[in-house]
Amino acid sequence: MTATNPHLDLVGGATAPPTGRRPARRSPYRAAETRRKWFEIIGLTTPAVIVYVMFVLVPMGFAFYYSLFRWRGVGPPTDYVGFDNYVLAFQDPIFLDALRNNAIIVFGSLLIQGPVALGVALLLNRTFRGRTLFRLLAFVPYVLAEVTVGIMWKLLLSDAGTVNALLQSLGMGGLVQAWLADLDLVIWTLLFVLTWKYVGFAIILLLAGLSNVPQELNEAAAIDGASWWQTQRHITLPLLGPTIRIWMFLSMIGSLQAFDIIWVTSVPAVRSLGASATMATYMVDNGFFARLWGYGNAVAVILFVISFVAALIFQRFLLRRDIQGAVTGRAK
Amino acid sequence: MTANAVPPSATNRRPFAWGSPLTYASALAVAAVSITPVIYVIIGGFRTTPQIVANPAGLPDPWTWNNYARVLTQSNFWEQTFNSGVIALGTTLGVVLLGVGAAFVLARYTFRGREALYTFFTLGLLFPAGAAILPLYLMLRDLNLINSYYAVILPQVAFQLPLTIVILRPFLSAIPRELEDAAAIDGTGRIGFLWRIVLPLSRPALVTVGILAFVASWNAFLLPLLVLGDASLHTLPLGAQNFSSQYTSDTAGILAFTSLAMLPALLFFTFAEKQIVGGLQGAVKG
Numbered sequence: 001m002t003a004t005n006p007h008l009d010l011v012g013g014a015t016a017p018p019t020g021r022r023p024a025r026r027s028p029y030r031a032a033e034t035r036r037k038w039f040e041i042i043g044l045t046t047p048a049v050i051v052y053v054m055f056v057l058v059p060m061g062f063a064f065y066y067s068l069f070r071w072r073g074v075g076p077p078t079d080y081v082g083f084d085n086y087v088l089a090f091q092d093p094i095f096l097d098a099l100r101n102n103a104i105i106v107f108g109s110l111l112i113q114g115p116v117a118l119g120v121a122l123l124l125n126r127t128f129r130g131r132t133l134f135r136l137l138a139f140v141p142y143v144l145a146e147v148t149v150g151i152m153w154k155l156l157l158s159d160a161g162t163v164n165a166l167l168q169s170l171g172m173g174g175l176v177q178a179w180l181a182d183l184d185l186v187i188w189t190l191l192f193v194l195t196w197k198y199v200g201f202a203i204i205l206l207l208a209g210l211s212n213v214p215q216e217l218n219e220a221a222a223i224d225g226a227s228w229w230q231t232q233r234h235i236t237l238p239l240l241g242p243t244i245r246i247w248m249f250l251s252m253i254g255s256l257q258a259f260d261i262i263w264v265t266s267v268p269a270v271r272s273l274g275a276s277a278t279m280a281t282y283m284v285d286n287g288f289f290a291r292l293w294g295y296g297n298a299v300a301v302i303l304f305v306i307s308f309v310a311a312l313i314f315q316r317f318l319l320r321r322d323i324q325g326a327v328t329g330r331a332k
Numbered sequence: 001m002t003a004n005a006v007p008p009s010a011t012n013r014r015p016f017a018w019g020s021p022l023t024y025a026s027a028l029a030v031a032a033v034s035i036t037p038v039i040y041v042i043i044g045g046f047r048t049t050p051q052i053v054a055n056p057a058g059l060p061d062p063w064t065w066n067n068y069a070r071v072l073t074q075s076n077f078w079e080q081t082f083n084s085g086v087i088a089l090g091t092t093l094g095v096v097l098l099g100v101g102a103a104f105v106l107a108r109y110t111f112r113g114r115e116a117l118y119t120f121f122t123l124g125l126l127f128p129a130g131a132a133i134l135p136l137y138l139m140l141r142d143l144n145l146i147n148s149y150y151a152v153i154l155p156q157v158a159f160q161l162p163l164t165i166v167i168l169r170p171f172l173s174a175i176p177r178e179l180e181d182a183a184a185i186d187g188t189g190r191i192g193f194l195w196r197i198v199l200p201l202s203r204p205a206l207v208t209v210g211i212l213a214f215v216a217s218w219n220a221f222l223l224p225l226l227v228l229g230d231a232s233l234h235t236l237p238l239g240a241q242n243f244s245s246q247y248t249s250d251t252a253g254i255l256a257f258t259s260l261a262m263l264p265a266l267l268f269f270t271f272a273e274k275q276i277v278g279g280l281q282g283a284v285k286g
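The listed protein sequences derive, respectively, from chains G and W. With the first letter of the first sequence counted as 1, position 272 gets the number 272 in the UniProt record's numbering; the numbers rise by one all the way through. With the first letter of the second sequence counted as 1, position 286 gets the number 286 in the UniProt record's numbering; the numbers rise by one all the way through.
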């Protein structure tokens, strides 16, 4: 759920509305007030700064340090190997499979969830009786914990599971598949589960964005004789641009880190062959469970750098306009 | 949402030529895709495993409460619910307290380095929690925090802070300066202003931020998986995953456990849905 916000201002530094500036004047009273002000500033921000630095920034620094060693996690790392761990990772076909799978998830999510969510959001933005209920139902998958979703689909999609049984009884036995065991198929099955789970998030965001589109514009278009489709195409969609781009950003970052559902739904044996591994599952399998801590941390740094660079590029080329719009048009 | 709900005229005029039956048919299709699997799991919990094996897609015949009763009485379901609750509440409280402090300073004080501090926090949005998990585990191990609630709460608070500050700051900035001046004239300092005026006024934003933190914590899996090895500290997601891999042949039991594990989130969301969508609405303003 990160940053559903146009102030996703990660490089520029946003400008908050000015709080009003008092002329600085040297007087004992002023000095006391200034001291007091700084006292409050430090008192109120320090706890947040400490927790944030300690648990968000410092670990990433350590990850890079550990990644330069061959280390089993016991005692301080001593066996310095430079960038060997990184070289090893890119030579491991399983890791390359994980990279490919992440790419499938990133682009698959964008290409499938985007249009589907847009259609559903436009539908649920129409006024009709029972709309609230239908909205709630459409959000259900998104609310469920990843683990419950994973367990659920694992049961449904197992070889003797419900999906295959249904296909069989509907006379479509030819479509019966080893959904989670077929090495070529499993990543697409997982992409389906991820889509089912996360499309609701896109719908929530788009509906929130749609509710900001002024009703007057639609009415004006209707008066001018525009059809419903024309209105959506020429008025609603362009106005939704910022929301869509923010969703794309969040979806991309989330897909690069995909772990929970993949971990729970896919069988470890299939994962270890690379067919259903992602960077994150590969990292946890090797770093935590196989106790290759130096190597695992190298994978963590790779995952971090890929996410960071992708985010910066996205930010640079797509979100910039939204930030400007957000800053100038924020007074509310 | 409110904007759409308010004008009844829009409902009656219906300027668009799109048949209502088609609308309902599509809406029903969407709802079916979303909830059929969930309903299947809940109903499946009322069957026995032999029934399920014989016909995976059938209805309960007869209905049995046994699976649900078993999960509620024999498994660690309640203990895990309690752990999830403590961790989620702790996370929410921590995020809101620390977030309000920082966001208030960033919104209402003028000082050198303010924007730098804000950028510093927002940078955290680019630090994926997943990537930091291994070093985080090592650090918590060195701090002797593994197998404690803190091992989950503290990192969750830290990773939720950037988003919280980004959402809260505009809200706190938008409170009119006149109110602050009036408070000052009445002899209230800025802290009093924060406590008596800002906090009550920004309650919707605080609730949104709190809900986001609570749900993220309630559903979290990767961090608890690594740092809570002790089974008595397991949260619901860990419990559900363990139950399903431990009793693989007890399909009915897994379905019942999974249903019970999803129930709190579903109820919670049903009550908070308006709040979440409303809160996001301000945030995704184009």
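Glycine included, each C-beta is placed from N, C-alpha and C at the ideal position.
List, in chain order, every chain W residue whose beta-carbon is nearer than 7 Å to that of residue i.
i, result
"G/R126", "T23"
"G/D260", "F221, L222"
"G/P141", "S34"
"residue 333 of chain G", "The shown model of chain G, from 1 to 332, leaves out residue 333 of chain G, and the question about it has no answer."
For residue i, which residues from the same chain have a beta carbon less than 6 Å from its beta carbon, with the 5 sequence-adjacent residues on both sides left out?
i, result
"G/L318", "R245"
"G/N297", "A63, Y66, S67"
"W/F269", "none"
"G/L96", "none"
"G/P141", "W196, K197, G200"
"W/Q156", "T91, S217"
"G/W71", "P77, W293, G294"
How would you write the range of the alpha helix (DSSP H) that residue i sits in, first residue to last?
i, result
"G/A202", "186-210"
"G/L175", "No alpha helix (DSSP H) holds G/L175; DSSP gives it neither H nor E."
"W/S20", "20-44"
"W/T119", "114-122"
"W/L206", "203-219"
"W/P50", "49-54"
So residue i contacts chain G; which residues on that side make the cut at Cβ distance below 8 Å?
i, result
"W/Y109", "T19, K37, E40, I41"
"W/Y137", "F288"
"W/L228", "None at all; the shortest Cβ gap to chain G is about 13 Å."
"W/E273", "R135, L136, F139"
Are the beta-carbon atoms of residue i and residue j separated by less than 9 Å?
i, j, result
"G/Y86", "G/P77", "no"
"G/V284", "W/I35", "no"
"G/A275", "G/D184", "yes"
"W/P162", "W/G130", "no"
"G/W247", "G/F201", "yes"
"W/L154", "G/V51", "yes"
"W/Y109", "W/R196", "no"
"W/V96", "W/L28", "no"
"W/L212", "W/S84", "no"
"W/T208", "W/I175", "no"
"W/F193", "W/E180", "yes"
"G/L217", "G/I235", "yes"
"G/A258", "G/I203", "no"
"W/A102", "G/L144", "no"
"G/L123", "W/V30", "yes"
"G/F89", "G/V299", "According to the sequence provided, residue 89 of chain G is Ala. The question's Phe does not apply to it. Contact: yes."
"G/A98", "G/A277", "yes"
"G/A310", "G/L256", "yes"
"G/S109", "G/M252", "yes"
What residues from chain W crowd round residue i, counting only those whose CB sits closer than 8 Å?
i, result
"G/W293", "L134, L138"
"G/Q257", "P128, A129, G130, A131"
"G/N102", "Chain W residues near G/N102: none, gap ~11 Å exceeds 8 Å."
"G/F62", "P135, L138, M139"
Strictly by DSSP, which residues pair up with residue i?
i, result
"residue 342 of chain G", "Because chain G here runs from 1 to 332, residue 342 of chain G falls outside it and cannot be looked at."
For residue i, which residues in the same chain have their Cβ closer than 7 Å to its Cβ, ignoring the five residues on either side in sequence?
i, result
"W/I42", "S259"
"G/G161", "L155"
"W/W18", "The predicted model places W/W18 with a pLDDT of 48, which falls under 50 and marks its position as unreliable, so this point remains unresolved."
"W/I87", "Y149, V152, I153, S217, T235"
List the residues of chain G whose Cβ lies closer than 7 Å to the Cβ of residue i, in chain order.
i, result
"W/G124", "Y52, V56"
Apart from the five residues just before and just after residue i, which ones in its own chain have a Cβ nearer than 8 Å to its Cβ?
i, result
"W/R70", "G253, A256"
"W/W65", "F46"
"G/A181", "D159, V267, V270"
"W/D250", "T49"
"W/A116", "none"
List, in chain order, every chain G residue whose beta-carbon is nearer than 9 Å to that of residue i.
i, result
"W/G187", "Per Cβ cutoff of 9 Å: no residues; W/G187 is ~14 Å from chain G at best."
"W/V41", "T148, I151, M152, L155, L156"
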